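Quick notes on the structure that follows.
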Amino acid sequence: MFADQVGENISYEKILAPEDGFIEAAKAFLAQDEAVGCNVTMPFKLDAFNFAKVDDQAAKDAQAVNTLMKRESGEVLGYNTDGVGLVNDLLNNGVEIKDKRVLLIGAGGAARGVISPLLKAGAASLIIANRTKAKAEEVASASSNPKVQVVAIEDIASIAPHIIINSTAASLSEELPCSLSDGVLKHCEVVYDMVYKNSPTRFMRDAAELGVKTQIDGLGMLVEQAAEAFYIWTQKRPDTSDIVKRVRDIVEQSEKRN
Ligand code: ATR
Numbered sequence: 607m608f609a610d611q612v613g614e615n616i617s618y619e620k621i622l623a624p625e626d627g628f629i630e631a632a633k634a635f636l637a638q639d640e641a642v643g644c645n646v647t648m649p650f651k652l653d654a655f656n657f658a659k660v661d662d663q664a665a666k667d668a669q670a671v672n673t674l675m676k677r678e679s680g681e682v683l684g685y686n687t688d689g690v691g692l693v694n695d696l697l698n699n700g701v702e703i704k705d706k707r708v709l710l711i712g713a714g715g716a717a718r719g720v721i722s723p724l725l726k727a728g729a730a731s732l733i734i735a736n737r738t739k740a741k742a743e744e745v746a747s748a749s750s751n752p753k754v755q756v757v758a759i760e761d762i763a764s765i766a767p768h769i770i771i772n773s774t775a776a777s778l779s780e781e782l783p784c785s786l787s788d789g790v791l792k793h794c795e796v797v798y799d800m801v802y803k804n805s806p807t808r809f810m811r812d813a814a815e816l817g818v819k820t821q822i823d824g825l826g827m828l829v830e831q832a833a834e835a836f837y838i839w840t841q842k843r844p845d846t847s848d849i850v851k852r853v854r855d856i857v858e859q860s861e862k863r864n
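Residue numbers (our numbering): 607 to 864.
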């Protein structure tokens, strides 16, 4: 869709690499004259980080690379576009990040990738809460930024967050990633669920019932992280507004069929 829009003729296809063979698969692909770059998905984002030359701060913070780009010299650069994808999707939805208190639930790879882009977008603070607190502490100390702190998952109300981002997979099993009671949502303007399904997740529905004005799922983040990768490869920025709608239609139709 991006290539059609900007008049590029590209081939973008899936390559299934063996679990212990990422580097060989990446090298074989990138050795082709016409190869410009590729996206990398689970479980290879750490392998890609170790394989590529990484200057991108988000990729360094996440220790994970989702986009590879081959330079003319043959050197391979690694980026992480997930966090930029999240920030751009928030901005597209009219959410102000600047000076806001952001609560990030979860401390896995998905959480790590969004920390530096959220800070860059001007968040006043970024508080991490996770079911296993020690993991949140690890992630926060790796970021070594005083704006990044940790709170116990039972104490999130004390943060009075303006924005809550769920980076856990809890929504896939219709579980809440954290409690929404006891005043947690008193100042909350937006909840963001990185999961996307054909209908709002329980986290989004419950937040709406409790009066949170805006609930957003992760489909726009998916499209925006892809748009950022496309920009890295082509230096052309697609207009994503219509594409998010088209991808949502495709997701809805395919879920109806299954
Ligand atoms: P990813 O790389 O996609 O973020 P991950 O590294 O497996 O995946 O991390 C999953 C995150 O979701 C973790 O923070 C996990 O919490 P734990 O560290 O305590 O395992 C969190 N998580 C997964 N399922 C959850 C659930 N049902 N409720 C709350 N947190 C959950």
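Beta carbons are placed, not taken as given, at the ideal position from N, Cα and C, and that holds for glycine.
Predicted model, so just to flag it, every value in this text is computed and none were measured.
Inset, instruction - Within the same chain, show all residues whose beta-carbon is closer than 6 Å to that of residue 633, passing over the 5 residues directly before and after it, in chain order. - result: none
Legend entry - Buried/exposed call for residue 565, threshold 16 Cβ in 10 Å: Limits of the chain in this structure are 607 at one end and 864 at the other, which puts residue 565 out of reach.
Inset, instruction - Identify which residue in 704, 734 and 799 has its Cα closest to the Cα of residue 823. - result: 799
Inset, instruction - Return the CA-CA distance between residue 641 and residue 842, expressed in angstroms with no decimal places. - result: 17 Å
Inset, instruction - Taking only heavy atoms of ligand 1 into account, decide whether any of them is closer than 7 Å to the Cβ of residue 803. - result: no
Legend entry - Host alpha helix (DSSP H) of residue 629 (start-end): 628–636
Inset, instruction - Spatial neighbours of residue 805 within its chain, please: CB distance less than 8 Å, with the 5 preceding and 5 following residues excluded, ordered by chain position. - result: none
Legend entry - Alpha carbon of residue 858 to alpha carbon of residue 679, nearest angstrom: 43 Å
Inset, instruction - Helix, strand or coil for residue 820, going by three-state DSSP, please let me know. - result: strand
Inset, instruction - Please indicate yes or no: does the CB of residue 744 lie closer than 7 Å to some heavy atom of ligand 1? - result: no
Legend entry - Any C-beta of chain D under 8 Å from that of residue 608: The chain labelled as chain D is not found in the depicted structure, where only one protein chain is given.
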